[in-house]
Structures are given as C-alpha cells and as structure tokens.
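Asker: Going by the working numbering, the letters in the sequence shown line up with residues 4 to 115, in that order. Don't be surprised by glycine CBs; every beta carbon is placed ideally from N, CA and C.
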Amino acid sequence: MSECLFCKIIAGEIPSNKVYEDDRCLAFYDIDPQAPTHFLVIPKEHIPSVAGVDASNAAVVAHIFTVIAQQAQRLGLDSYRVVSNIGEQAGQSVPHLHFHVLAGRDMTWPPG
Ligand code: 5GP
Ligand code: ZN
C-alpha cells in the first residue's frame with residue numbers, strides 16, 4: 004500500500020469530494036479551501052511534483068490542463084488561478100503532483 008496521501012485518495016482509502024474523475028486523473032475539492040472555489044487536479048500516476056515531469060509522463064499534464072479548462076467552464080468560473088508548488092520553500096506539502104484551481108475572490112500578484 005502506498006504511503007502517499009494522494010495515492011490513498013485515488014485508491015479510495017481516504018474519501019474526497021470529487022469534481023471529476025477519469026482513467027488518468029482525479030479532481031477533488033481541497034480540504035482547506037483558500038478561495039470560495041478551490042479544487043486540486045492530480046494524475047493517477049504517482050509523480051512527485053512538476054520537477055518529476057519528463058517526456059515519458061508529460062502527456063498526463065496536458066490532459067490535466069484540458070480537464071481544468073473543461074471543469075472551470077462547467078462550474079462557471081470565468082476567472083481563476085492555477086498553481087503548482089514545487090518543493091518545501093514554495094509551499095508544497097504533499098509530494099504528489101497537483102494543480103490547485105482557485106476562484107471566486109480577488110487575488111493579489113505576486114503571490115506570497
Ligand atoms: P500543497 O501545499 O502541497 O501545494 O497542496 C496540498 C493541498 O492538499 C493543500 O491545499 C491541502 O489543504 C490539501 N490537502 C491535504 N490533505 C488533504 C486531504 O486529505 N483531502 C483533501 N481534499 N485535501 C487535502
Ligand atoms: Zn502519490
């Protein structure tokens with residue numbers, strides 16, 4: 004059994020509030036939302052972060068971005084932010100590639 008939290012969510016060992024699922028990725032609402040709408044999109048394949056993306060697994064990243072665009076449209080989001088933290092200093096707390104999708108409030112730039 005994987006010790007990775009998000010692999011456990013994919014396996015259904017930890018419940019999640021799903022936004023979307025297919026054979027390659029899962030989208031689910033963040034347990035600690037930082038905006039009125041805040042969900043995560045993750046590949047079902049365990050990739051530690053963007054730093055682990057290479058030619059052998061990049062197709063799932065392109066797929067994830069099509070899912071983000073489709074789900075944002077379905078949820079009626081006309082403005083949103085997509086974020087991926089890589090490494091501890093950037094704020095990554097779960098070492099399984101994920102893209103945050105945040106919407107529903109004014110956002111500042113640059114991020115903190
Ligand atoms: P990171 O800090 O790595 O960029 O993002 C990890 C995200 O996963 C955080 O926003 C955190 O709230 C979320 N998270 C951590 N544990 C769980 C969980 O068990 N369920 C859900 N739905 N989200 C989680
Ligand atoms: Zn994992």
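Less than 8 Å separating the beta-carbons of Val104 and Ala75?
Answerer: Closer than 8 Å, so yes.
Asker: For Lys21, which three-state DSSP category applies?
Answerer: It is a strand residue.
Asker: Helix, strand or coil: how does DSSP classify Cys10 here?
Answerer: Looking at Cys10 - three-state DSSP - the assignment turns out to be helix.
Asker: On the three-state DSSP scale, how would you describe Ile71?
Answerer: Helix, per DSSP.
Asker: Out of Pro39, Val97, Ser59, which has the shortest C-alpha to C-alpha gap to Leu80?
Answerer: The option with the nearest alpha carbon to Leu80 is Pro39.
Asker: Can you tell me whether DSSP reads Val56 as helix, strand or coil?
Answerer: Val56 falls in the coil class under three-state DSSP.
Asker: By Cβ distance below 6 Å, which residues in the same chain neighbour Val86 in space, the five residues on each side in sequence not counted?
Answerer: Closer than 6 Å at Cβ, skipping near neighbours: His103.
Asker: For the beta strand (DSSP E) containing Ala106, name the first residue and the last one.
Answerer: From DSSP, the beta strand (DSSP E) with Ala106 extends over 102–106.
Asker: Under 8 Å between the Cβ atoms of Val70 and Val64?
Answerer: Against a cut-off of 8 Å, the Cβ pair of Val64 and Val70 comes out as no contact.
Asker: How is Ala30 classed by DSSP in three states: helix, strand or coil?
Answerer: Note: Ala30 maps to strand in three-state DSSP.
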